[in-house]
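Protein chains: 2
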Amino acid sequence: MARKSASGRIGIADVAVKAGVSHATVSRVMNGNFTVDPDVAARVRAAAAELKYQPNPVGRSLALGKTDTIGIVVPDLANPTFQAILRGLSRAAAQDGYRVLIADSFEVSSEESILAGEARRRCDGLVLCAPRMSDAELTEIAPSLHPLVLINRTTDAPDVPSLVVDYGQGVQDIAGHLVELGHTRLAFLAGPPRSASNGMRLKGLEAFKAAHPQVEVTMLEGGSDFDTGHEAVDAVLASGATGILAFNDLVAMGLMSGLHERGLDVPGDISVTGFDDIPFAKYTTPALTTAAVPITELGEQAWHQLRALIRKEGNEVPGSRFQPRLEVRASSGPAKAPRSAVHG
Amino acid sequence: MARKSASGRIGIADVAVKAGVSHATVSRVMNGNFTVDPDVAARVRAAAAELKYQPNPVGRSLALGKTDTIGIVVPDLANPTFQAILRGLSRAAAQDGYRVLIADSFEVSSEESILAGEARRRCDGLVLCAPRMSDAELTEIAPSLHPLVLINRTTDAPDVPSLVVDYGQGVQDIAGHLVELGHTRLAFLAGPPRSASNGMRLKGLEAFKAAHPQVEVTMLEGGSDFDTGHEAVDAVLASGATGILAFNDLVAMGLMSGLHERGLDVPGDISVTGFDDIPFAKYTTPALTTAAVPITELGEQAWHQLRALIRKEGNEVPGSRFQPRLEVRASSGPAKAPRSAVHG
DNA sequence: CCTGCCTGAGAAAGCGTTTTCTCAGTTCGC
DNA sequence: GCGAACTGAGAAAACGCTTTCTCAGGCAGG
Numbered sequence: 001m002a003r004k005s006a007s008g009r010i011g012i013a014d015v016a017v018k019a020g021v022s023h024a025t026v027s028r029v030m031n032g033n034f035t036v037d038p039d040v041a042a043r044v045r046a047a048a049a050e051l052k053y054q055p056n057p058v059g060r061s062l063a064l065g066k067t068d069t070i071g072i073v074v075p076d077l078a079n080p081t082f083q084a085i086l087r088g089l090s091r092a093a094a095q096d097g098y099r100v101l102i103a104d105s106f107e108v109s110s111e112e113s114i115l116a117g118e119a120r121r122r123c124d125g126l127v128l129c130a131p132r133m134s135d136a137e138l139t140e141i142a143p144s145l146h147p148l149v150l151i152n153r154t155t156d157a158p159d160v161p162s163l164v165v166d167y168g169q170g171v172q173d174i175a176g177h178l179v180e181l182g183h184t185r186l187a188f189l190a191g192p193p194r195s196a197s198n199g200m201r202l203k204g205l206e207a208f209k210a211a212h213p214q215v216e217v218t219m220l221e222g223g224s225d226f227d228t229g230h231e232a233v234d235a236v237l238a239s240g241a242t243g244i245l246a247f248n249d250l251v252a253m254g255l256m257s258g259l260h261e262r263g264l265d266v267p268g269d270i271s272v273t274g275f276d277d278i279p280f281a282k283y284t285t286p287a288l289t290t291a292a293v294p295i296t297e298l299g300e301q302a303w304h305q306l307r308a309l310i311r312k313e314g315n316e317v318p319g320s321r322f323q324p325r326l327e328v329r330a331s332s333g334p335a336k337a338p339r340s341a342v343h344g
Numbered sequence: 001m002a003r004k005s006a007s008g009r010i011g012i013a014d015v016a017v018k019a020g021v022s023h024a025t026v027s028r029v030m031n032g033n034f035t036v037d038p039d040v041a042a043r044v045r046a047a048a049a050e051l052k053y054q055p056n057p058v059g060r061s062l063a064l065g066k067t068d069t070i071g072i073v074v075p076d077l078a079n080p081t082f083q084a085i086l087r088g089l090s091r092a093a094a095q096d097g098y099r100v101l102i103a104d105s106f107e108v109s110s111e112e113s114i115l116a117g118e119a120r121r122r123c124d125g126l127v128l129c130a131p132r133m134s135d136a137e138l139t140e141i142a143p144s145l146h147p148l149v150l151i152n153r154t155t156d157a158p159d160v161p162s163l164v165v166d167y168g169q170g171v172q173d174i175a176g177h178l179v180e181l182g183h184t185r186l187a188f189l190a191g192p193p194r195s196a197s198n199g200m201r202l203k204g205l206e207a208f209k210a211a212h213p214q215v216e217v218t219m220l221e222g223g224s225d226f227d228t229g230h231e232a233v234d235a236v237l238a239s240g241a242t243g244i245l246a247f248n249d250l251v252a253m254g255l256m257s258g259l260h261e262r263g264l265d266v267p268g269d270i271s272v273t274g275f276d277d278i279p280f281a282k283y284t285t286p287a288l289t290t291a292a293v294p295i296t297e298l299g300e301q302a303w304h305q306l307r308a309l310i311r312k313e314g315n316e317v318p319g320s321r322f323q324p325r326l327e328v329r330a331s332s333g334p335a336k337a338p339r340s341a342v343h344g
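So this is what it looks like as structure tokens:
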């Protein structure tokens, strides 16, 4: 016959009545304030236990001005990279007693800032993951989103740490690896045009071309998923390249699948490389040569940065840059003699 | 020079002052209450726009008794199945203006009920995904979690819709398919012992054995990830089975990878099947025969059920059962002559 | 024995909304 | 032309908690 306040749920008032004290005292006890007589505290605790009282977090949030929740907005929850970031973030935050609220923008860049704003208002901080919005828009809304940390994107706005993977260096490492294997005609199967990480890859390849004038690098349009790779087979063959750098592992897998259907051998006829080293990359046949990104760790670091901001520690490094690690597997091998374009 | 209340953020009071009205009126305007003079409303809207006023959701939640947020607790955010459910749920909920808060129990079943309780208190409803806790515990806490919907788990507790995939039927379909291909010795590479969906598969196989006495079905211990499958190669070979039903696609992929390393051909020597039809299943070599589960749709349905509960519609069906669809691909083929056990 | 300090706990003021209550000022009907 | 019904908007209560303010009572010191 637990008495209830009007709302039907058990509140601080109920336990106050039951323990014969004021609700202020109940609050003190629940929050470990030691200015309370041990006997009274015990009585309150007993009453709380008996009533199975659990403080209402909303009331608590309003009073304390914090929610113990952080938000993350991702462009596409179906993308393994973002899933991994979410996982790392969620785990790290959970260890500090924070929960995470997710928002998926479904690659609609115009929704991002609204979504981000809404999420931010409900949370103590925000992680913006590879936002597709323009630099101008990002800079404009960044202050209203503080505490904010950026992943795979940078901004001029102050006090916004950003964690970026050095995709530029990564593609250069991969390209270098292919050249070492004797490939002189490479092709890059690009990612989504609005993706900043694609931009970094392109810049990396420019640098690579400058340093290796003897190597031919063809740029091909693309995307970020399986189908992109699968549909790119013709373009890849037409390029005459023997070493293909796919935008990411998904694209590489799609490409390998397409090449396989054409009866071509990887890496016998063509070497294919990916990027990211998603868990599946190890298990493709042939196993995929790729650049491993410590992506879960990225999520974890994002939390650490955000935590510093929330706690106003202020002495934190403004961000950091993650180096991919070349992961050589079976999908890359010695170059054949250059093929003529448009091979059967 | 936007004036601020003590907290630093712009509140309803600031708008009220600027528009020269009471904050009650501001609230009325913001919520589309038409008992406000159009002129006054316009003035308020102008003030709100100029101050970029955004209502504080926490205060709103407290007053309204709802958060427009739902929670989901999953045993392992790294599992593609749960990722897909999360995605479906998140998308469907977003369409109705709800956000989702995630909680990952990391397969620690003792944490589940605490996590669930905490999540629930911050949200308007909860989705419990394949909980690992005991039936007794589940039944006990279910009422305190209402509105609650269960995925891949059932309970006696009232008013708890549950969405389950008919794994029992699924394995029977797969087994039937293998038998049609001439396999007479099958093996089942089981999943986590505490998993209810594993239990359903086992029951399905019992039914299958009863209906097909001439077929031998060996049960092998297992798990739910790549490595499980990879490490199971010896046990699989020792069983002498020519048709292997793996617990899920991940396990199947691990197994295929292990078999490949041993120089065995799939499906020439052994047929391997998975379960779930994760996106990658299409792209393994050979492409994986599996049972497709409309898993994203499951998340979507979960939202619909939960929404009905939140809105107290009450006339909803108590849950539903999803039928997997057999997806025949290249990893299953005609049986060879039965092999002797412990093949080289 | 009185002043002053300290301790413990109730009263009350937030936190930022929504919503009910209330009432002044209009409009309408007879 | 006066009471009744209506309209619009402010005052205040409510949501559930934390925290500051305040004060009664106990105790030590002079």
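In the order they appear, the protein sequences are chains A and B. If you use the working numbering, the first sequence corresponds to residues 1 to 344, in order. If you use the working numbering, the second sequence corresponds to residues 1 to 344, in order. Even for Gly, the Cβ is constructed at its ideal location relative to N, Cα and C.
For B/A103, the nearest CB of chain A lies under 9 Å from its own CB, placing it at the interface with that chain. Straight-line measurement puts the Cα of A/D166 at about 21 Å from the Cα of A/L148. In the DSSP assignment, B/E297 forms no beta bridge with any residue. As summarised for the segment 247-287 of chain B, the continuous alpha helix (DSSP H) elements at least 4 residues long and confined to that stretch are 249-261, given in chain order. DSSP, reduced to helix, strand and coil, places B/I10 outside both helices and strands of the structure shown, so it counts as coil. The three-state reading of DSSP puts A/M219 in strand, counting E and B together. The residues T242, I244, L259, L264, in chain order, have a CB closer than 7 Å to that of A/I270 in the same chain once the five nearest residues on each side in sequence are set aside. Judged by DSSP secondary structure, A/D104 falls within the beta strand (DSSP E) whose first and last residues are 99-104. In this structure, DSSP gives B/L150 an extended state, which the three-state scheme calls strand. Boundaries of the alpha helix (DSSP H) harbouring A/T25: 23-30, taken from the DSSP string.
Taking every protein chain shown into account, the CB of B/G314 has fewer than 16 other CB atoms within 10 angstroms, so this residue is exposed.
Excluding the 5 residues flanking it on each side, A/R329 has same chain C-beta neighbours closer than 8 Å at A281, K282, P286, A287, L288, T289, T290, in chain order. Excluding residues up to 5 positions away in sequence, F322 lie with their Cβ nearer than 7 Å to the Cβ of A/P294 in the same chain.
Within the same chain, V266, V272 come within 6 Å of A/M256 by CB-CB distance, once the 5 residues on both sides are set aside.
Not one beta carbon of chain A lies nearer than 9 Å to the beta carbon of B/P147.
Rounded to the nearest whole angstrom, the CA to CA distance from A/I114 to B/S90 is 17 Å. Using a Cβ distance threshold of 9 Å, B/R132 and B/E112 count as a contacting pair. By a beta-carbon distance limit of 8 Å, B/N152 contacts B/A196. Their separation comes to about 6 Å.
Contacts with chain A at 9 Å (Cβ-Cβ) include B/V58. Assignment of B/G59 by DSSP, reduced to helix, strand and coil, places it in the helix class. DSSP, reduced to helix, strand and coil, places A/R122 within a helical segment of the structure shown. Listed along the chain, the chain A residues whose CB falls inside 7 Å of the CB of B/M253 are Y283. In this structure, B/I85 lies away from B/L126, with their beta-carbon atoms at least 9 Å apart. Pairwise C-beta distances place the segment 21-40 of chain B out of contact with the segment 24-33 of chain A, as fewer than three of them are shorter than 8 Å.
If you draw a straight line from the Cα of B/E231 to the Cα of B/T139, it comes to about 36 Å.
Taking 3 residues as the minimum length, the beta strand (DSSP E) runs contained wholly in the segment 160-209 of chain B are 162-165, 185-189, in order along the chain.
At least 9 Å separates the CB of A/R132 from every CB of chain B.
For chain A, the residues of the segment 80-92 of chain B that bring a beta carbon within less than 9 Å of one of its beta carbons are P80, Q83, A84, L86, R87, S90, R91, in chain order.
Within the segment 29-59 of chain B, those residues whose Cβ lies closer than 9 Å to any Cβ of chain A are, in chain order, K52, Q54, P55, N56, P57, V58, G59.
Residue environment for B/D124: buried (at least 16 other C-beta atoms within 10 angstroms of its C-beta). Put simply, of A/L189, A/A302, A/L237 the residue whose alpha carbon is nearest the alpha carbon of A/F226 is A/L189. The closest CA to that of B/R60, considering only A/G223, A/Q214, A/R121, is found on A/R121. Under the three-state reduction of DSSP, B/V127 is assigned to strand. One Cα belongs to A/P75, the other to B/A292, and the distance between them is close to 26 Å.
Per DSSP, the unbroken beta strand (DSSP E) holding A/F322 starts and ends at 319-322.
In the DSSP assignment, B/A291 falls within the unbroken beta strand (DSSP E) covering 290-292.
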